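Undergrad: Take our numbering: the final residue in the sequence shown is number 402, and no numbers are missing along the way.
Ideal Cβ placement from N, Cα and C applies to all residues, glycine included.
Just so it is clear, the structure is predicted and the values come from calculations on it, not from any experiment.
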Amino acid sequence: MAEHRTLQADVRFSPRARAFVAFQLVDHWGNRTTPRPHPRAEVLAATLLLGSEGRGEGDLAEESIPKVCADLAAEYGRYVAYLLSRHCTRNLGEAHPLLAAWRSLLPTLEREPRYRAVFASHGDAANRAILAVSHALAAHLLSGGGDTSIAGLPQVGGPVPLRVVPCGERTYRLRPWPLWGYRLAVHAEGSLPGGGSCLASWTLLAPSAPAD
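(1) Which residue marks the beginning of the beta strand (DSSP E) containing Val-355, and which one marks its end?
(2) Among residues of its own chain, excluding the 5 on either side of Ala-396, which ones have a beta-carbon nearer than 6 Å to its beta-carbon?
(3) Which residues in the same chain as Asp-200 place their Cβ atom closer than 7 Å to its Cβ, once the five residues preceding and following it in sequence are excluded?
(4) Could you check the C-alpha separation between Ala-150 and Gly-380 for me, to the nearest Å?
(5) Rounded to a whole number of angstroms, what is the C-alpha to C-alpha distance between Arg-195 and Arg-230?
(6) Per DSSP, what kind of secondary structure is Leu-234 in: helix, strand or coil?
(7) Looking at the structure shown, is Trp-292 part of a helix, part of a strand, or coil, going by DSSP?
(8) With DSSP as the reference, label Gly-241 as helix, strand or coil.
(9) Which same chain residues end up closer than 6 Å to Glu-300 when comparing Cβ atoms and leaving out the 5 residues on each side of it in sequence?
(10) Hey, quick one: how far does the alpha helix (DSSP H) through His-228 stretch, first residue to last?
(11) Of all the alpha helix (DSSP H) runs that stay within the bounds of the stretch 298 to 329, which reach a length of 4 or more residues?
(12) Between which residues of its own chain and Ser-398 is the CB-CB distance below 8 Å, once the five residues before and five after are set aside?
(13) Quick one: Cα of Glu-247 to Cα of Trp-292, how far?
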């Protein structure tokens with residue numbers, strides 16, 4: 191199981207903890223300049239399930255993608271399976287056979303009334319970007335990372351880098367601000383080497399929000 195270290199070096203977090211933090215982010219995602227996830231339920235489900243396989247970046251093992259995709263389509267729906275399999279094969283070549291896992295779902299999804307508008311607009315690209323950026327941000331928080339930029343934040347005018355700037359202990363400012371409101375606290379349970387668990391939290395602030 192891949193683990194993420196925090197600023198407190200003896201606390202470790204599993205990929206499922208990372209997915210839980212990403213889930214909290216996506217649950218508050220979107221504002222006037224940042225597209226919201228739609229359909230919301232499916233994007234939230236994909237965000238949480240992305241940590242279920244336990245790889246370092248949350249990706250499924252390549253050889254398991256076809257079976258996992260089929261299982262997810264049966265249990266959570268085809269769009270959830272599509273989002274996960276497309277995310278997990280995003281770095282493979284265009285001719286790679288594993289891309290068939292999500293390509294085979296496209297024809298019926300594009301005709302389905304619930305998803306037709308998502309594919310006819312930029313909604314699907316935004317959903318996939320939300321999945322990637324939320325997990326990258328969650329991993330950065332859990333690792334106790336410093337100042338960084340995460341590429342591909344969807345915005346009304348097109349994707350931009352998300353700047354993550356520390357401004358206190360487990361407190362960060364995000365530029366541009368991708369969430370609703372002006373601040374958000376997220377949390378996760380970490381494990382201690384000698385046994386037991388520890389609840390950790392992080393605070394995210396909009397550029398204009400006052401720090402505590």
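TA: Reading it off the structure:
(1) For Val-355, the enclosing beta strand (DSSP E) starts and ends at 350 to 358.
(2) Excluding positions up to five away in sequence, the list reads Trp-367, Tyr-372.
(3) Excluding the 5 residues flanking it on each side, Asp-200 has same chain C-beta neighbours closer than 7 Å at Leu-382, Pro-383, in chain order.
(4) In the structure as shown, the chain begins at 191 and stops at 402. Residue 150 is therefore absent and cannot be evaluated.
(5) Note on Arg-195: pLDDT 45, under 50, position unreliable in the model; no value is reported.
(6) Helix at Leu-234.
(7) The three-state reading of DSSP puts Trp-292 in helix, counting H, G and I together.
(8) DSSP places Gly-241 in coil when its eight states are reduced to three.
(9) Contacts found: Phe-309.
(10) Where His-228 is concerned, there is no enclosing alpha helix (DSSP H), given that its DSSP letter is neither H nor E.
(11) As far as the stretch 298 to 329 is concerned, its whole alpha helix (DSSP H) runs of at least 4 residues are 303 to 310.
(12) Tyr-372, listed in sequence order.
(13) Here the model assigns Glu-247 a pLDDT of 45, short of 50, so the residue's position is not dependable, and the following value carries that caveat. Taking the CA atoms as reference points, Glu-247 sits about 19 Å from Trp-292.
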